[in-house]
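Working notes for the structure below.
In our numbering, the protein residues as written are 2 to 110.
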């Protein structure tokens, strides 16, 4: 039997960053609107309120492109404490499925 390495899903992009800041400080930067605005402006969001949040661990926002066709996606920011007192910030950018929209309805003339 030939085992192949599991391939990551093609509908998302995962980035990881090691930060010297403790998880509590990173959480504030992600969850306090005035701080989040510095690196993730409200204008880039489809809605300013998070879709989901687990305090101190993860928060998800819906993004919207600023140009037509104004595609939307979800970005989830996860914080994992590291052994040295810093944080691992994992950014998961999930694309909406191309056929995930409402069905097309046609009417006879």
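The beta-carbon is built from N, C-alpha and C at its ideal position, and this holds for glycine as well. It should be emphasised that the depicted structure is a prediction, and the values quoted were computed from it without experimental measurement.
Helix, strand or coil at residue 33 according to DSSP, with G and I counted as helix: coil
As assigned by DSSP and simplified to three states, the class of residue 40: coil
Burial state of residue 62, where buried means 16 or more other Cβ atoms lie within 10 Å: buried
Where residue 17 falls: helix, strand or coil (DSSP): strand
Own chain partners of residue 72 with C-beta closer than 6 Å, once the 5 adjacent residues on each side are dropped: 66
Cutoff 6 Å; reference residue 76; Cβ partners in own chain excluding five residues on either side: 62, 64, 94
Residue 51 - partner residues in DSSP beta bridges: None, per the DSSP bridge assignment.
Distance, residue 41 Cα to residue 78 Cα: 12 Å
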